[in-house]
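S.K.: Okay, handing you the structure first.
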Amino acid sequence: MWRSVNILQKIANFFINKTAKFRQIVTLAKLLSNKERLQILINATPDIICFKDSTGKWLEANVSTKKLFRLKGNEFFLKSDEQLKKMVPELADVFEQCISTDQEAWEKKQRVETEEVIPLPDGTLRVFDVIKTPVFDETGARKGIVVLGRDITNRKKTEEKLRESEERFRTVATHANDIIFEWEPCTDVLKWYGKYDTLVGENNTPQTLDEFLTFVHPEDKERIVSFWKKEFKQKKEWKDEFRIFSSKGKLIYYRASGIMLFKNGNPDKALGTFADVTLEKQLIDNLRESVEVAQYNQARITSLLSVMPDLIFIFDRKGIIKDYHANSINSLIVPPEAFLDRPVDAVLPPDLADLTREKIKEVMLHKNVETYEYELKGGDLCGVFESRMVYMDKDRVLTIVRDITHSREVENELIRAKERAERSDRLKSAFLANMSHEIRTPMNAIIGFSELLRNPHLSQNEKDSYIDIIVNSGQQLLSIINNVLEVSKLETGQVRLFPEKINLNRLMSDLMRFFSIEAQSKSIELNCRIPQKEHYLVSDGGKITQVFNNLIGNALKFTPQGGQITFGYEHVNNMFQFFVVDNGVGIEPKNHKLIFERFEQVCNEPRSARKGAGLGLSISKSLVTLMGGNIWVESEPGHGASFFFTIPIDQSKQTKESETKFFD
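The sequence shown maps to residues 2 to 665 in our numbering.
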């Protein structure tokens, strides 16, 4: 039995112990739940909540505090402000301020309230109302300090704005030109602020509304009494104008505005202003007259602009196009919407944009007029333009742009005509001098050898030799005269073409026979290159022969002994291309066009050694052009010259073309 009792006792003790532990667990769970709820509440508040021990080391801080002081996790735990200052150096001043206010709370042994400024990471400053409460134990020893803080930045801003607003009102009331009034309906008392002595005089300032009405113009008094009574019953701003006689009898125009403030549903106080608009009324009258004059002037300006072909632009000092005038949008580089309020760099070509900016700076600096020209190439608008830029004001310049393309072309053409005339005079003078030399040489030979023929003792061989010289000199003189006459005919348009059916191979053969004797006498190899089958051309054979005479004659002049000359023709597309090629002295590329000008001679020999009048190539060019063809040269100094000219074959009849043949 004893054993049974013992077992029951153990069972009872087991359940008793279990029940106690369960109660402890329940109690602990309740405590933990309360702590968690408190922790959630603390972390949810945006205010600063912080606990420090007796030495100033941080024990607890909510989420808002850690975020504000840029702390992570529990790195603050058991750290003093001095240590945290090193951890967050950008808030060193803030932690230093915390140390100072903590010390103040310990010394005063009571709650201390301060304002602390803390910068946010983005640089903005926030103001906090901070309360620090020191905690002491029963012996008076330091136990800890509780820190609470609330962001009052918005409140401070509101207070500052209110203070500024009050200050502005005082300033306005003291310095404003308008008169400020305050009227209490229940007492009929008028209070004035500002320059109220200008109303009716310093000693006549009305103290009640009834007194004020005595100064109002009789024609306005009844109206404003009725109007004001009606408006004073409403909770909105009212405006009115009226006239007042000053103490000196001067009529003054005033514009009044005001509002009635209500209290408990009843009118309490009226506030408003009186503005002297006498000058404004006078200005309106003057302005009305000025508007009429301005409208007349505007009509004149509009009429002038409508007939003016120039473009007008207004630039600001930064080179932005602010305004423009153009009679036609087609005269603009780009449409208005593409350049208004845009910089010149985005509208004009780079060179012109840089020039425009430079001129704007000069005009803004010197306040003068700058005139400059520029040329636009490519695009829909091209030509030469003149711009005149003038100073308008400190921020703007006005530019007038005129298209001077035609006038510049006329000027250039006049210059070219003058140069051509001067050059023609020089060439004619040189031509006359050369003609004198060219004519004098054969004439001297003719006269000289004719005189020698008078000698009766001359042998027959000598006489024949002298006669040959006289004949050759006469032919040379005749050639010069013929060239001069040919130039004259070409100048006056008297040269006519006589088309005929020409056998080109036979023409080349005739030229070969004509020049071969002279070529042999100079030890020059003369070749002719033509197609084997005969070709026919309907054209002026005499003119073609004359061109070949000039070209082959020149080749014989400028090809040294032992040289080679090749001439002939070939079929190229729809024309015949004729050529004369030599391996003589050659011609510089810069003179390829010049040699076809009249009276021009280009060679490496001194003028005294030159032969001819410089007319052959000019005549050849005119004749080829007359026959509808073209003539040109390909040459380099020291590498001979290749002359080509073409004649259209629209009217020609040709045989089947075969291989080219040579003969000499």
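Even for Gly, the Cβ is constructed at its ideal location relative to N, Cα and C.
Taking 7 Å as the cut-off, is the beta-carbon of S474 closer than that to any non-hydrogen atom of the ligand FAD?
M.R.: Questions concerning the ligand FAD fall outside what the structure shown contains, since it holds no ligand whatsoever.
S.K.: Look at the alpha carbon of F243 and the alpha carbon of I253, and state the distance between them as a whole number of angstroms.
M.R.: C-alpha separation (whole angstroms): 9 Å.
S.K.: From what residue to what residue does the alpha helix (DSSP H) around G617 run?
M.R.: First-last of the alpha helix (DSSP H) with G617: 617-627.
S.K.: Applying the 10 Å Cβ sphere with the 16-neighbour rule, what's the burial state of E487?
M.R.: By the neighbour-count rule (16 or more Cβ atoms within 10 Å), E487 is buried.
S.K.: According to DSSP, simplified to helix, strand and coil, what is C383?
M.R.: Coil at C383, not helix or strand.
S.K.: Going along the chain, which residues of its own chain have a beta-carbon closer than 8 Å to the beta-carbon of H218, five neighbours each way excluded?
M.R.: For H218, where only same-chain residues beyond five positions count, the Cβ hits under 8 Å are F243, R244, I245, F246, L252.
S.K.: Going straight from the alpha carbon of Y373 to that of I405, what length do you get?
M.R.: Using only the alpha carbons, I get a separation of about 12 Å.
S.K.: Go to A106, then tell me how far its alpha helix (DSSP H) extends in each direction, as first and last residue.
M.R.: Here the alpha helix (DSSP H) through A106 covers 93-109.
S.K.: Would you check if there are 3 or more beta carbon pairs closer than 8 Å linking the segment 538-556 to the segment 487-507?
M.R.: Verdict: yes, contact present.
S.K.: Could you work out which residue in I416, R421, P649, L538 is closest to E598 when comparing CA atoms only?
M.R.: Residue R421 is the option with its Cα nearest to E598.
S.K.: For the pair the segment 78-98 and the segment 132-143, tell me if three or more CB-CB distances fall below 8 Å.
M.R.: In short, these stretches do not touch, since the Cβ pair count stays below three.
S.K.: Got a sec: is the Cβ-Cβ distance from I553 to anything in chain C below 8 Å?
M.R.: Absence of chain C from the displayed structure is noted, only one protein chain being present.
S.K.: Decide yes or no for the touch test of the segment 279-292 against the segment 261-270: beta carbon pairs closer than 8 Å, at least 3 of them.
M.R.: Judged by Cβ distances under 8 Å, the segment 279-292 makes no contact with the segment 261-270, as fewer than three pairs qualify.
S.K.: With a threshold of 16 other CB atoms inside 10 Å of the CB of P457, please say whether the residue is buried or exposed.
M.R.: It is exposed - the Cβ of P457 has fewer than 16 other Cβ atoms within 10 Å.
S.K.: Is the CB-CB distance between D1 and D324 below 8 Å?
M.R.: As displayed, the chain neither begins before 2 nor continues past 665, which places residue 1 out of reach and without an answer.
S.K.: Does F233 come out as helix, strand or coil in the three-state DSSP assignment?
M.R.: Helix, per DSSP.
S.K.: Would you be able to state if there are at least three C-beta pairs under 8 Å between the segment 347-364 and the segment 380-394?
M.R.: Touching, per the Cβ criterion.
S.K.: Which term fits E658, buried or exposed, when burial requires 16 or more other beta carbons within 10 angstroms of its beta carbon?
M.R.: Its pLDDT being 40, under 50, E658 is placed unreliably by the model, and the measurement read from it follows with that caveat. The residue is exposed, with fewer than 16 neighbouring Cβ atoms inside 10 Å.
S.K.: Tell me which residue opens and which closes the beta strand (DSSP E) that P344 is part of.
M.R.: Element bounds for P344: n/a, residue is neither H nor E.
S.K.: Compute the Euclidean distance between the alpha carbons of K622 and G630, then round it to the nearest angstrom.
M.R.: Distance between the alpha carbons of K622 and G630 is about 9 Å.
S.K.: Considering just the uninterrupted stretch of the alpha helix (DSSP H) at G542, what are its terminal residues?
M.R.: G542 -> alpha helix (DSSP H) spans 542-559.
S.K.: Using the Cβ count rule (16 or more neighbours within 10 Å means buried), how would you classify L527?
M.R.: L527 comes out buried.
S.K.: Using CA atoms only, rank isn't needed, just tell me which of Q533, G569, A520 is closest to G563.
M.R.: Cα-wise, what sits closest to G563 is A520.
S.K.: Assess, as a yes-or-no matter, whether the segment 155-166 is touched by the segment 50-66 under the definition of 3 or more beta carbon pairs within less than 8 Å.
M.R.: Verdict: no, contact absent.
S.K.: Buried or exposed, going by whether 16 or more other CB atoms sit within 10 Å of the CB of D426?
M.R.: D426 should be labelled exposed.
S.K.: Below 8 Å, can you find three or more Cβ-Cβ pairs linking the segment 533-540 to the segment 553-567?
M.R.: No: the two stretches stay apart, fewer than three of their Cβ pairs being nearer than 8 Å.
S.K.: In whole angstroms, give me the CA-to-CA distance for D179 and K231.
M.R.: So the two alpha carbons sit approximately 24 Å from each other.
S.K.: So, is F213 buried or exposed, given that buried needs 16 or more other C-beta atoms within 10 angstroms?
M.R.: Under this definition F213 is a buried residue.
S.K.: Write down the C-beta distance between I447 and I481 rounded to the nearest angstrom, noting that I regard them as a contact closer than 8 Å.
M.R.: No, I447 and I481 are not in contact; Cβ-Cβ is about 13 Å, not under 8 Å.
S.K.: Suppose the cutoff is 7 Å on Cβ atoms and the five residues either side in sequence are ignored; what does the same chain contact list for Q578 look like?
M.R.: If we look at Q578 and ignore the five residues flanking it on each side, its Cβ neighbours are Y570, E571, F645, T647.
S.K.: Just the C-alpha distance for S248 and Y255, rounded to the nearest angstrom, thanks.
M.R.: Roughly 15 Å between the two C-alpha positions.
S.K.: What number of angstroms, rounded off, separates the C-alpha of M576 from the C-alpha of E414?
M.R.: One C-alpha to the other measures close to 35 Å.
S.K.: Only counting runs of 4 or more residues, tell me where the alpha helix (DSSP H) segments fall wholly within the segment 238-305, in order along the chain.
M.R.: Fully enclosed alpha helix (DSSP H) runs of 4 or longer: not present.
S.K.: For P607, count the other beta carbons within 10 Å of its own beta carbon; 16 or more makes it buried, fewer makes it exposed. Which is it?
M.R.: Confidence in P607 is poor, its pLDDT being 44 and thus under 50, which makes the residue's placement unreliable; the coordinate value appears in the next sentence. So P607 ends up on the exposed side.
S.K.: Find out if the Cβ-Cβ distance for the pair R112, F129 is shorter than 8 Å.
M.R.: No; because the gap between Cβ atoms is not below 8 Å, this pair is not in contact.
S.K.: From this set, S55, L210, Q84, K73, which residue's C-alpha is nearest G141's C-alpha?
M.R.: Of the listed residues, the one whose Cα sits closest to G141 is S55.
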